[in-house]
Amino acid sequence: MLNFKYFKSDSSTFVIQSVNGSVRKQGKGISFWYNSDTTSIAALPLNAQEAPFIFNLQTADFQSLRLQGQISFQIKSPERTADVLNFNLTKEGKSYASEDPLKLSDRVVRSAQTLIQAKIQSTSLRESLLISRSLVTLVAQQLAEHTAVESLGIQILDVSIAAITPSPETLKALEAQARESILK
């Protein structure tokens, strides 16, 4: 039985149509008729994506702190991304066949975590609380050159750090020290 269907993508989606394993059509915002029995369709979003994160880390002087931020990225090489992760749609063409599209932001966040963790573990607590601007620059630069990010075919657009906070007990101790120095 013929299962012909029509597929239309929007202008921010890169589509790869494969029939029996070979690419027939690919591009941004394309549309076509296809046989759902022999065709697989991969749809990759080209718009900017946000990946928020919260890391619980330990400083060089063994103090705990929480770092909160966000990474903005965009798929720049959809063919490369489709080679690494499964962006195929189900036979109906309405949803993804696997959870790989959700893993893309996880992979970006894990790459950032290793970079941030290395920097924080070599920095004291007091210094760590004050390095958000230099940490943003460092992470953005190193992520852009990171082989794992490059192999995913994505481009880092922005890195932001919203907060670096110590544990509640440490925060109280730091506040007490600051109050004592003000009173002197």
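Position in the sequence shown (first residue = 1) + 18 = this note's numbering. The beta-carbon is built from N, C-alpha and C at its ideal position, and this holds for glycine as well.
Residue i (DSSP reduced to helix, strand or coil)
{"i": "Ala61", "result": "strand"}
{"i": "Leu175", "result": "strand"}
{"i": "Lys121", "result": "helix"}
{"i": "Thr155", "result": "helix"}
{"i": "Ala69", "result": "strand"}
{"i": "Gln81", "result": "coil"}
{"i": "Lys109", "result": "coil"}
{"i": "Ala115", "result": "coil"}
{"i": "Lys190", "result": "helix"}
{"i": "Thr165", "result": "helix"}
{"i": "Lys137", "result": "helix"}
{"i": "Thr183", "result": "strand"}
{"i": "Ile200", "result": "helix"}
{"i": "Ser54", "result": "coil"}
{"i": "Ser40", "result": "strand"}
Nearest-angstrom beta carbon gap, residue j and residue i [assumed within contact, 8 Å]
{"i": "Ser82", "j": "Pro184", "result": "7 Å"}
{"i": "Asn106", "j": "Ser140", "result": "42 Å between Cβ atoms; not a contact."}
{"i": "Val157", "j": "Val177", "result": "5 Å"}
{"i": "Ile182", "j": "Leu147", "result": "6 Å"}
Length of the line joining the Cα atoms of residue i and residue j
{"i": "Ser30", "j": "Lys137", "result": "36 Å"}
{"i": "Gln86", "j": "Lys23", "result": "45 Å"}
{"i": "Ala115", "j": "Ile174", "result": "26 Å"}
{"i": "Phe91", "j": "Ser199", "result": "44 Å"}
{"i": "Val154", "j": "Val102", "result": "27 Å"}
{"i": "Ser129", "j": "Ala100", "result": "19 Å"}
{"i": "Ser152", "j": "Ile89", "result": "15 Å"}
{"i": "Ile93", "j": "Ala61", "result": "12 Å"}
{"i": "Ile48", "j": "Val33", "result": "7 Å"}
{"i": "Asn72", "j": "Gln135", "result": "Note that residue 72 is Ile in the sequence shown, not Asn. C-alpha separation (whole angstroms): 12 Å."}
{"i": "Val41", "j": "Ala66", "result": "26 Å"}
{"i": "Gln76", "j": "Ala191", "result": "17 Å"}
{"i": "Pro63", "j": "Asp79", "result": "43 Å"}
{"i": "Pro119", "j": "Asn21", "result": "26 Å"}
{"i": "Gln131", "j": "Arg84", "result": "12 Å"}
{"i": "Gly39", "j": "Ser95", "result": "20 Å"}
DSSP beta-bridge partners of residue i
{"i": "Lys46", "result": "Phe32"}
{"i": "Leu75", "result": "Leu83"}
{"i": "Gln92", "result": "Gln173"}
CB contact below 8 Å: residue i versus chain E
{"i": "Leu175", "result": "In the structure shown, chain E does not exist; there is a single protein chain."}
Contact test: residue i Cβ vs the ligand NAD heavy atom, cutoff 7 Å
{"i": "Ala191", "result": "Ligands are entirely absent from the displayed structure, and the ligand NAD is therefore not among its contents."}
Hey, is the segment 118–126 in contact with the segment 38–57, meaning 3+ C-beta pairs nearer than 8 Å?
Of all C-beta pairs linking the segment 118–126 to the segment 38–57, fewer than three are shorter than 8 Å, placing the two stretches out of contact.
Sufficient close CB pairs (3 or more, under 8 Å) joining the segment 142–150 to the segment 158–173:
Output reads no: the segment 158–173 does not touch the segment 142–150.
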